[in-house]
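Taken in order, the sequence shown gives residues 1 to 271; the numbers are from my numbering.
Every residue gets a Cβ at the ideal spot worked out from N, C-alpha and C, and that includes glycine.
Here the structure comes first, spelled out in structure tokens, and everything after it is commentary.
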Amino acid sequence: METKPVITCLKTLLVVYSFVFWITGAILLAVGVWGKLMLGPYISLIADNSTNAPYVLIGTGTIIIVFGLFGCFATCRGSPWMLKLYAMFLSLVFLAELVAGISGFVFRHEIKGTFHRTYTDAVLNYNAEDEASRAVDNLQHRLRCCGVYNYTSWFGSVYYPSNGIPASCCFNASDCNPDVLRNTTLAPSKVYHQGCYELVTSFMETNMAIIAGVTFGIAFSQDHHSQSVRDGLADVTRQGGEEKKRKSLDESKLTTTLPRVSLGLHLPFRP
1 METKPVITCL KTLLVVYSFV FWITGAILLA VGVWGKLMLG PYISLIADNS TNAPYVLIGT
61 GTIIIVFGLF GCFATCRGSP WMLKLYAMFL SLVFLAELVA GISGFVFRHE IKGTFHRTYT
121 DAVLNYNAED EASRAVDNLQ HRLRCCGVYN YTSWFGSVYY PSNGIPASCC FNASDCNPDV
181 LRNTTLAPSK VYHQGCYELV TSFMETNMAI IAGVTFGIAF SQDHHSQSVR DGLADVTRQG
241 GEEKKRKSLD ESKLTTTLPR VSLGLHLPFR P
């Protein structure tokens, strides 16, 4: 008599875990969309293939959302093979996120080196028109910085002899003009002195531990979720087996009593 409430409780627990997993996917999807819309213009300066990062987050979030819904459906159906597939997927996601978190933390210095190289190349070849140049302008304007280490990084740019330091380095763009920005005496009073490389790398160093902690936290919560699904699957299967066994015994008892009743009701007729 207690089998049905136990199964209902286990299913409810698995649905809640699946909903939390679904929320994780929604967060990754939102971060990916935000990264594409807000960081797209200059995210390519971080690494050579970093423009794919938002798409990776969007794809991962979408897959997690789909499998989160699949987990809810599998739990409601009580299908063992569906729950096994769901648990296997959770384990794969856990491993992928664990590898991504460790790789990001271990290779953070390589990421910094790549940013230094790509940003330096973008400054030296700046022309104010291509994607890399627009990324440099956005980065300098938003972070209120100038050049790789400071504004003097622009002195070696192909853009500087004709146009001077870009207007994106200025405190007030309306107060800057090419004549002032080419003047090594007047330009320092109009532009930011803080280099962009130091700002970006200090941000990375400060927040890398937080990012790694959040990544590992999500990964281990999903691993715990996967273990809960496996445990719940075992319990549901066991409880379901006991329920089927009990029903089978009841049916066998019923079939053994029916012939006797039938014999009693169908006596031969004698006139």
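Query: Nearest residue (CA-CA) to ALA167, options GLU198, ARG144, PRO54 and THR60; Result: ARG144
Query: GLN140, enclosing alpha helix (DSSP H) - first and last residue; Result: 131 to 143
Query: Collapsed DSSP secondary structure at VAL148 in the structure displayed; Result: coil
Query: Proximal residues to VAL15 (C-beta, below 6 Å), its chain only, five neighbours per side dropped; Result: CYS72 and THR75
Query: Touching by the beta-carbon criterion (3+ pairs, under 8 Å), the stretch 152 to 160 and the stretch 118 to 125; Result: yes
Query: For CYS72, the residue or residues it bridges with in DSSP; Result: For CYS72, which the question treats as bridged, DSSP gives no partner whatsoever.
Query: Environment of SER18 [buried if 16+ CB atoms lie within 10 Å]; Result: buried
Query: At least 3 beta-carbon pairs within less than 8 Å: the stretch 76 to 94 vs the stretch 158 to 176; Result: no
Query: Spatial distance of ARG77 from GLY59 (CA atoms); Result: 27 Å
Query: Local Cβ density within 10 Å of THR24, reported as buried at 16 or more and exposed below that; Result: buried
Query: Cβ-based burial, VAL99 [other Cβ within 10 Å; buried from 16]; Result: exposed
Query: Pairwise C-alpha distance: GLU198 and LYS112; Result: 10 Å
Query: CB contact flag (LEU37, PHE67, <9 Å); Result: no
Query: Boundaries (first-last residue) of the alpha helix (DSSP H) holding SER162; Result: 160 to 163
Query: Whole-angstrom distance between THR12 and LEU57, CA atom to CA atom; Result: 29 Å
Query: Close Cβ partners of GLY195 (< 8 Å) along its chain, the five nearest in sequence each way excluded; Result: CYS145, CYS146, GLY147, VAL148, TYR149, ASN150 and SER153
Query: Residues that DSSP places opposite VAL191 in a beta bridge; Result: CYS170
Query: Pair within 9 Å by beta-carbon distance, THR118 and ALA128; Result: no
Query: Close Cβ partners of THR201 (< 7 Å) along its chain, the five nearest in sequence each way excluded; Result: LYS112
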